[in-house]
Amino acid sequence: PYLNKDMGRAVFYALTGMYIIGRKVDDHHGRREGAQSWFDALIGFYILGVSAVQFSVAYKMSRFSPALSEPALAREMHAPSQQPNLEQRDAANAMGGVGV
16 PYLNKDMGRA
26 VFYALTGMYI
36 IGRKVDDHHG
46 RREGAQSWFD
56 ALIGFYILGV
66 SAVQFSVAYK
76 MSRFSPALSE
86 PALAREMHAP
96 SQQPNLEQRD
106 AANAMGGVGV
């Protein structure tokens, strides 16, 4: 449920990035040893960068009204048009009648 909101995703990315950065550090000396440890740190910092962008987007979107920040519902996007049927109107005009 928290991943459906921008701020929830940002927090998840931040925690994941910090975990990945710190998981291969030597407990005694606090140093990184091995290529995999450095690769994990690189990926972790990338995820922290994604988290920072997500925090920024969440902050910017929080200033909008709720109606503007929520995506349109699927039924609203696929609802039939409110305009009259143009074919029926054209057929009625051709027969001399009044349009729909």
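Counting from 16, one number per residue, gives the positions in the sequence shown under this note's numbering. By construction, the Cβ of each residue, glycine as well, lies at the ideal position given by its N, Cα and C atoms.
Residues that residue i bridges to, as DSSP identifies them
| i | result |
| --- | --- |
| arginine 65 | Per the sequence shown, the amino acid found at residue 65 is valine instead of arginine. According to DSSP, which records beta bridges pairwise, valine 65 is partnered with nothing at all. |
| valine 40 | Arg47 |
Option nearest residue i by Cα separation, candidates the options
| i | options | result |
| --- | --- | --- |
| lysine 39 | Phe54, Gln69, Val26 | Phe54 |
| serine 52 | Asp41, Tyr61, Ile62 | Asp41 |
| tyrosine 34 | Leu57, Val68, Lys75 | Leu57 |
Inter-residue Cα distance where the pair is residue i and residue j
| i | j | result |
| --- | --- | --- |
| aspartate 21 | glycine 64 | 15 Å |
| valine 72 | leucine 30 | 18 Å |
| arginine 46 | arginine 78 | 42 Å |
| aspartate 74 | valine 68 | Note on identity: in this sequence residue 74 is tyrosine, with aspartate being the wrong assignment. Looking at the two C-alpha atoms, the distance is approximately 10 Å. |
| alanine 50 | histidine 44 | 17 Å |
Cβ shell of residue i (< 7 Å), same chain only, five flanking positions each side left out
| i | result |
| --- | --- |
| leucine 18 | Arg24, Phe27 |
| serine 66 | Ala25, Tyr28, Ala29, Gly32 |
| glutamate 48 | Asp41 |
Sequence-distant residues of its chain with Cβ nearer than 8 Å to residue i (five each side left out)
| i | result |
| --- | --- |
| isoleucine 36 | Asp55, Ala56, Gly59, Phe60, Leu63 |
6 Å CB neighbourhood of residue i in its chain, flanking five on each side removed
| i | result |
| --- | --- |
| phenylalanine 70 | Ala25 |
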